[in-house]
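What follows is a set of notes on a single structure, which appears directly below.
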Amino acid sequence: MSLETKNARRKLITWYEENKRALPWRRSRDPYRIWISEVMLQQTTVTAVIPYYEKFLTRFPTVKSLATASVGEVIEMWAGLGYYSRARNLHKAAQVLAQKGFFNNAAELLELPGFGPYTSRAVASLAFGEPVGVLDGNVIRVLTRYYGLKLKWWEKKEKQPLQDLSDALANTEKSSEVNQGLMELGATICTPQRPLCLMCPWNKECVAFNKGITQLLPLSKPKQQFQMWNWTLNPLIKNDQIFMQPNTATPFLKNMMFPAGKAEITFKKPTAYDIKHGVTKYDIFIKIEKASLKSMGPGEWVPLSQVKKINPTSLMSKILKFIEK
Ligand code: SF4
Numbered sequence: 016m017s018l019e020t021k022n023a024r025r026k027l028i029t030w031y032e033e034n035k036r037a038l039p040w041r042r043s044r045d046p047y048r049i050w051i052s053e054v055m056l057q058q059t060t061v062t063a064v065i066p067y068y069e070k071f072l073t074r075f076p077t078v079k080s081l082a083t084a085s086v087g088e089v090i091e092m093w094a095g096l097g098y099y100s101r102a103r104n105l106h107k108a109a110q111v112l113a114q115k116g117f118f119n120n121a122a123e124l125l126e127l128p129g130f131g132p133y134t135s136r137a138v139a140s141l142a143f144g145e146p147v148g149v150l151d152g153n154v155i156r157v158l159t160r161y162y163g164l165k166l167k168w169w170e171k172k173e174k175q176p177l178q179d180l181s182d183a184l185a186n187t188e189k190s191s192e193v194n195q196g197l198m199e200l201g202a203t204i205c206t207p208q209r210p211l212c213l214m215c216p217w218n219k220e221c222v223a224f225n226k227g228i229t230q231l232l233p234l235s236k237p238k239q240q241f242q243m244w245n246w247t248l249n250p251l252i253k254n255d256q257i258f259m260q261p262n263t264a265t266p267f268l269k270n271m272m273f274p275a276g277k278a279e280i281t282f283k284k285p286t287a288y289d290i291k292h293g294v295t296k297y298d299i300f301i302k303i304e305k306a307s308l309k310s311m312g313p314g315e316w317v318p319l320s321q322v323k324k325i326n327p328t329s330l331m332s333k334i335l336k337f338i339e340k
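Start counting the sequence shown at 16; every next residue gets the next number (our numbering).
Quick look at the structure:
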């Protein structure tokens with residue numbers, strides 16, 4: 016290992032230990048708590064996550080309590096965080112972990128639903144001290160600037176050198192501190208706009224700072240192409256109950272319970288629609304049409320007052336509002 020890596024690591028750990036924020040999931044090395052916090056943090060900021068995290072952990076304090084809950088309860092506790100497939104995956108992975116015990120390494124964790132390279136490595140190093148490096152948006156920003164790398168980090172081949180650098184830094188018994196230090200540096204000092212380089216423990220060696228090119232790094236990922244979808248829904252309501260079934264018609268909000276319907280991709284914005292909604296890279300145009308029970312397929316009747324429990328998405332709220340008009 017190079018002297019440069021050793022020095023960078025030492026400075027980073029010292030800085031982290033002196034500057035780390037007191038966050039609820041840093042109070043213990045419980046892998047379950049770390050896992051939940053990491054998944055929640057992929058969706059929003061630390062400040063926004065804290066109340067969700069505390070509410071979720073109060074309801075599901077252990078991996079076993081999460082595993083034995085119904086998927087509906089898990090989704091209900093996830094309401095407001097979006098990306099409901101993550102809540103489903105948490106539930107599925109908890110069932111494996113409750114039965115087999117918590118895996119203590121990234122390779123095994125990676126096999127579980129919802130555990131990508133980042134989450135597996137974060138949990139393995141933060142909870143168990145496995146010497147593996149993490150790579151998320153914050154870490155990519157810090158490393159590309161520090162080493163002055165103009166990499167197309169969104170392409171697998173060009174991301175690998177960054178993963179290697181992160182692994183080299185974390186190759187120590189203090190991998191947890193290194194990884195958290197990198198994430199913390201990215202979140203609080205090496206921010207996307209106007210990084211606070213004068214307060215950075217790495218400013219002496221940082222290539223981007225010394226060349227005055229911090230605003231040019233990391234390279235910007237090309238904008239995602241938006242996709243438009245027409246989604247025709249046929250809500251059937253009888254005796255204050257609505258017929259709902261798992262959505263298999265679209266690549267977004269998959270398996271969430273919705274009224275029956277059909278969907279297709281479109282290349283032209285429709286002229287007539289009832290609801291417009293956006294989910295990540297999808298613009299969705301919804302048409303509400305009359306239902307006929309014959310064409311419904313398998314599903315279940317849900318009291319209108321309970322719909323938000325099984326589908327807390329903002330889209331379902333819009334649909335209910337439209338129906339009730
Ligand atoms: S010196 Fe500035 S650009 Fe370099 S790592 Fe530190 S905060 Fe980021």
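The beta-carbon is built from N, C-alpha and C at its ideal position, and this holds for glycine as well.
{"query": "In angstroms, rounded to a whole number, what distance separates the CA positions of T62 and L141?", "result": "20 Å"}
{"query": "Let me check understanding here. Comparing Cα to Cα, which of S307, K283, G293, A264 lies closest to L251?", "result": "S307"}
{"query": "Examine the ligand SF4 and report whether any of its heavy atoms sits within less than 7 Å of the Cβ of N34.", "result": "no"}
{"query": "If I measure Cβ to Cβ from Q351 and keep anything under 7 Å in the same chain, skipping five residues before and after, which residues do I get?", "result": "Any question about residue 351 goes unanswered here, given that the chain covers just 16 to 340."}
{"query": "Please output, in chain order, the residues near the ligand SF4 using a CB cut-off of less than 7 Å to any non-hydrogen atom of the ligand.", "result": "V157, R160, Y161, L200, I204, C205, P210, L211, C212, C215, W217, N218, C221, A223, F224, T229"}
{"query": "What is the DSSP secondary structure of V193, reduced to helix, strand or coil?", "result": "helix"}
{"query": "Leaving out five residues before and five after L158 in sequence, what residues of the same chain have Cβ atoms less than 6 Å from its Cβ?", "result": "L177, L180"}
{"query": "Would the C-beta of W217 count as close to the ligand MN, meaning under 7 Å from any of its heavy atoms?", "result": "The ligand MN is absent from the structure shown, which contains only the ligand SF4."}
{"query": "Flag this pair as yes or no: are the beta carbons of V138 and W50 separated by less than 8 Å?", "result": "yes"}
{"query": "Can we say the segment 101-118 touches the segment 144-164, given the rule of at least three CB pairs closer than 8 Å?", "result": "no"}
{"query": "Return helix, strand or coil for G144, following the three-state DSSP convention.", "result": "coil"}
{"query": "Pick from E304, P66, A108, S80: whose alpha carbon is nearest that of A94?", "result": "P66"}
{"query": "Could you give the distance in angstroms between the alpha-carbon of E88 and the alpha-carbon of S80?", "result": "11 Å"}
{"query": "Which stretch, first to last residue, makes up the beta strand (DSSP E) that contains N245?", "result": "242-248"}
{"query": "Classify R42: buried if its beta carbon has 16 or more other beta carbons within 10 angstroms, exposed otherwise.", "result": "exposed"}
{"query": "Is the segment 69-76 close to the segment 214-234, with three or more CB pairs under 8 Å?", "result": "no"}
{"query": "Just to confirm, is the Cβ distance from K291 to F282 under 8 Å?", "result": "no"}
{"query": "Are the CB atoms of W316 and K236 within a distance shorter than 8 Å?", "result": "no"}
{"query": "Note down, in chain order, each residue of its chain lying with its Cβ closer than 8 Å to the Cβ of A278, except the 5 sequence neighbours on either side.", "result": "W244, N245, W246, T247, A264, T265"}
{"query": "I need the straight-line Cα distance from G4 to P327, nearest angstrom please.", "result": "With the chain covering only 16 through 340, there is no way to say anything about residue 4."}
{"query": "So, at 6 Å on beta carbons, what are the nonlocal neighbours of F143 in its own chain, with the 5 sequence-adjacent residues on each side left out?", "result": "N119"}
{"query": "Would you mind working out which of D151, S135, N153 sits nearest E145, comparing C-alpha positions?", "result": "S135"}
{"query": "Are the segment 121-131 and the segment 27-35 in contact at 8 Å, needing three or more beta carbon pairs?", "result": "no"}
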